[in-house]
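Let me begin by presenting the structure, written as structure tokens, before commenting on it.
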Amino acid sequence: MLELGGVSLITLLPVAFFGVVASFLGGATKRMSWVRAGERSLAYAAFLVTLAVAVLVIQFFRNDFTNSYVANHSNAALPLFYKATALWAGQEGSLLFWNWLLSVYGIAVLLVHRNRNRDLMPYVTGILLVSVAFFTVLNVFIANPFRPLVIEQASNQVLFTPGDGLGLNPLLQHPVMAIHPPTLYLGFVGFAIPFAFAMAALLARSPGARWIRLTRRWTLLAWFFLTTGVLLGARWAYVELGWGGYWAWDPVENASLMPWLTGTAYLHSVMIQERKGMLKVWNITLVAATYFLCLFGTFLTRSGVVNSVHAFAQSPIGAYFIAFIVSGVFLTVVLVRSRREYLKSEATFDSMISRESTFLFNNLILLAACFAVLWGTIFPVISEAVRGEKISVGPPFFNKVNVPIGLFLLFLTGAGPLLAWRKTSFAGLRRNFTIPVAAAVVLTAALLISGVRNGYAVVCFALGVFVVAGILIEFSRGTRTRMRQTGETLFRALGGLVWRNNRRYGGYVVHLGVVLLFAGIAGSAFNKDVRGEVGEGETLSIGDFAVRVESIEEGATPNYEFERADVSLLHDGEVIRALRPERRFYLASEQPSSEVEIYSTLREDIYVVFASRGPAGGAVIQIYHNPLVKWIWIGAIVLTFGTIVSFLPGGGRKRHP
Amino acid sequence: MTLILLSIIPLLGIILLIPPLFKGGRDVWDVPEARIEALEEKKRMLVHAIRELDFDFGTGKLDVGDHDAQRGTLKEELAEVVGRLKKEEGAGG
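Those sequence lines, one after another, are chains X and P.
Just so you know, our numbering puts 227 at position 227 of the first sequence, and the rest follows in order with no gaps.
Counting the second sequence from 1 gives a position; our numbering is that position plus 1000.
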């Protein structure tokens, strides 16, 4: 099996390089023979990498510990489900998984576009194969998932098959980890598609927004997966890491946030190019920045250059990533410069009070946030290089910079849809803004009267209401206009409005999800926590809530040993829920892990952690009171729904709104 | 036996990838001429802009005056682009 996987990867290398050469030659000479050879290379590369993935998964299922990667990331008692997810638990497997997703995306793109966009497709194939070749080089020479396990014996290396593996990191033994990494990777890898089309458009000297139209759904798909991946990561951190929070500005979290920020900026700025033929260089820059930040994110996760709960040990892989990213950026800049005659703007901004100007501000704000996150993330590396001392930048820096940026972004989220394209008169401005602003003012007054004194939280809630009011007005006006023009009933008109303008109204639903996310995040301004040793029958209180420890038990499964506290959660003295937080000790990996219990309502979460056994034999319990957290996950669902609405084909020509 | 089985993988690659190269022939695919593509793009953009303008007007985001003035400008631009497109296509045969 090991040889089969190895041969697949080694064969993949010349196939990918041949495909790159064939595709670019095909594009330049317009010879179909080269083009078809390039396409076949991509197809065969996809087959080979699929074969390698299948071999590795089978080795995990069969407990084949002759493979060093399997021995290091699995053990016989590991549940079958986690044996499958162990594929991406380490550096070698996750790089292989990246490559597999890329090749699958590549095949999908070929199937959809190869016969309709012949001038672009050879270059698209070639550019995708460059990435395939890069990841294959890493898998073959640096991080090979098919290395046999060897040990030193009398200064010789001999093959060794252990009786059992070292097991999977306990933090990764959570159902969310089965979908969080693939989702995030689908986002990272997905941005290779719009990037490849942008570069192909430049190489083929194809001016205009054709590449943007062709990749709109691919981009939305990648953005959707990236967003979902980031939020699933937050959910995993919340329920698994046991520190009561969902976002710690960890370098690897930041690594997924940065391409999300530039990708979101890109999704907005392409609308200006589609409508006015402006920002052509800007859009290419944004899509390239997003793709390179995706690679940078993978580099941060895999190189161990920064400390993180996600990152792996120091590895030489970083130098390869940096070389690839720097070369890619350099070639992109050269290409853009050489094609600048095709990238001239066809118009100018008509007015600062227009939807496109809010999009431009939104872009600048998102990029400012991205830069701040990038600076904070790589600062330890820079400080170590310059001063020989690794200085970490903590959450206070990120919060201080990003909270005001986020609030301004929230304001733009509300203001943009209230403005017309090109120009909005002052009368229109007054008419469109009156109700949302009034709603925000009323809520601010209500919050201040009720004693809420956290400035950022008040502003966040007020802006949230401003955005929601604007969205409701948009839906209401559109529906009423349609009812007037078509005579349809309310719900039919609303359905027709969204169906015919799904991109616009799906976007508004996404904005609604963003508001809910912000509301949930703003709730963290009121977080509280308490910690103490609690014996059986004793209680620990936090606000109106208390936890009473009923019993403490110990036990074992084949995979881990555990200590569990059976506790009753009380609200105003009444028992409302039985909870069972536990501490585990995983036998194979010899690592501890906390399994938290959360009582979650729309108003607040009570988050209970069994931290340890106390000196008096009781349970050391930590309770976090986290208001409004549930709205983050509800916001994520709304956001997902909105993205799906935007993604749908929609209702064609519009005679009515 | 293992060696024979494993050698199938690279052999299959050679069988799949090399033959298309010997088919030869220059396939002239339908690449839009850059100038015409740019005009088509502009036409599509202007038609879209007029629709958006009408939509914004329909939902009360624009006054009659603003709407009519902007619509007039866009229609003039569209007429000019359509004219240039016809001329280019005529010249191209």
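Just so it is clear, CB atoms sit at the ideal spot from N, CA and C, and this is done for glycine as well.
Given the structure is predicted, the values throughout are model-derived calculations rather than measurements.
Within the DSSP secondary-structure output, LYS30/X pairs in no beta bridge. At a cut-off of 9 Å, the C-beta of ASP1063/P has a neighbouring C-beta in chain X. Annotated three-state conformation of PHE61/X is helix, per DSSP. For chain P, the residues of the region 341-365 of chain X that bring a beta carbon within less than 7 Å of one of its beta carbons are GLU346, in chain order. Near chain X, meaning a CB-to-CB distance below 9 Å, the residues of the region 1040-1062 of chain P are GLU1040, GLU1041, LYS1042, ARG1044, MET1045, HIS1048, ALA1049, ARG1051, GLU1052, LEU1053, ASP1054, PHE1055, ASP1056, PHE1057, GLY1058, THR1059, GLY1060, LYS1061 and LEU1062.
By the Cβ criterion, the region 139-152 of chain X is in contact with the region 4-18 of chain X, since at least three pairs of Cβ atoms, one from each stretch, lie closer than 8 Å. Taking 9 Å as the threshold, the shortest C-beta distance from GLU274/X to chain P falls below it. With its beta carbon at least 9 Å from every one in chain P, ARG114/X lies outside the interface. Counting the other Cβ atoms within 10 Å of the Cβ of PRO79/X gives fewer than 16, which makes it exposed. Annotation: Cβ neighbours of LEU4/X in chain P (cutoff 7 Å, chain order): LEU1006. ILE151/X carries a strand assignment under DSSP once its states are collapsed to helix, strand and coil. Membership of TYR624/X in the beta strand (DSSP E) is indicated by the continuous run 619-627.
Sequence-distant Cβ neighbours of VAL20/X in its own chain, meaning closer than 7 Å and more than five residues away, are GLY126, LEU129, VAL130 and ALA133. Per DSSP, ASN117/X lies in no beta strand (DSSP E) and is assigned neither H nor E. For TRP499/X, no CB of chain P lies under 9 Å from its own CB, so it is not counted at the interface with that chain. For the pair LEU540/X and ILE623/X, the CB atoms are nearer than the 9 Å cut-off.
In the DSSP assignment, GLN173/X forms no beta bridge with any residue. ALA234/X sits buried, since 16 or more C-beta atoms from the chains shown fall within 10 Å of its C-beta. About 7 Å separates the Cβ atoms of ILE471/X and PRO417/X, confirming a contact at the 8 Å cut-off. LEU418, LEU419, ALA420, TRP421, ARG422, LYS423, THR424 and SER425: these are the residues of the region 405-425 of chain X whose beta carbon lies less than 8 Å from some beta carbon of chain P, given in chain order. Beta-carbon to beta-carbon, GLY229/X and SER256/X are separated by about 6 Å, close enough to satisfy the 8 Å threshold. Counting along the chain, no beta strand (DSSP E) covers VAL393/X, and no H or E run does either. Residue-level contact check: GLU1089/P does not touch chain X, since none of the beta carbons of chain X fall below 9 Å from its beta carbon.
Look at the region 416-496 of chain X and you find these whole runs of alpha helix (DSSP H), each 4 residues long or longer: 426-449 and 455-486. The beta-carbon of TYR508/X is placed no less than 9 Å from the nearest beta-carbon of chain P.
Counting of Cβ neighbours within 10 angstroms places SER476/X among the exposed residues, the total staying below 16. Between LYS1061/P and THR424/X, the C-beta gap is smaller than 9 Å, which places the two residues in contact. By the criterion of a C-beta distance shorter than 8 Å, PRO581/X is surrounded in its chain by ARG564, ALA565, VAL567, SER594, GLU595, VAL596, GLU597, VAL608, VAL609, PHE610 and ILE621, once the five residues flanking it on both sides are discounted.
Listed as beta-bridge partners of HIS571/X by DSSP are PHE545/X and GLU574/X. Under DSSP, PHE610/X takes part in a beta bridge, and its partners are ILE621/X.
Taking ASN63/X as the centre and dropping the five residues before and after it, the same chain places the C-beta of ALA76 closer than 6 Å to its C-beta, in chain order.
No Cβ of chain X is located within less than 9 Å of the beta carbon of ASP1068/P. Listed as beta-bridge partners of SER593/X by DSSP are ARG584/X. In the structure shown, the three-state DSSP call for ALA237/X is helix.
Between ALA222/X and GLY263/X, the C-beta gap is smaller than 9 Å, which places the two residues in contact. PRO649/X and ARG503/X have their C-alpha atoms roughly 9 Å apart.
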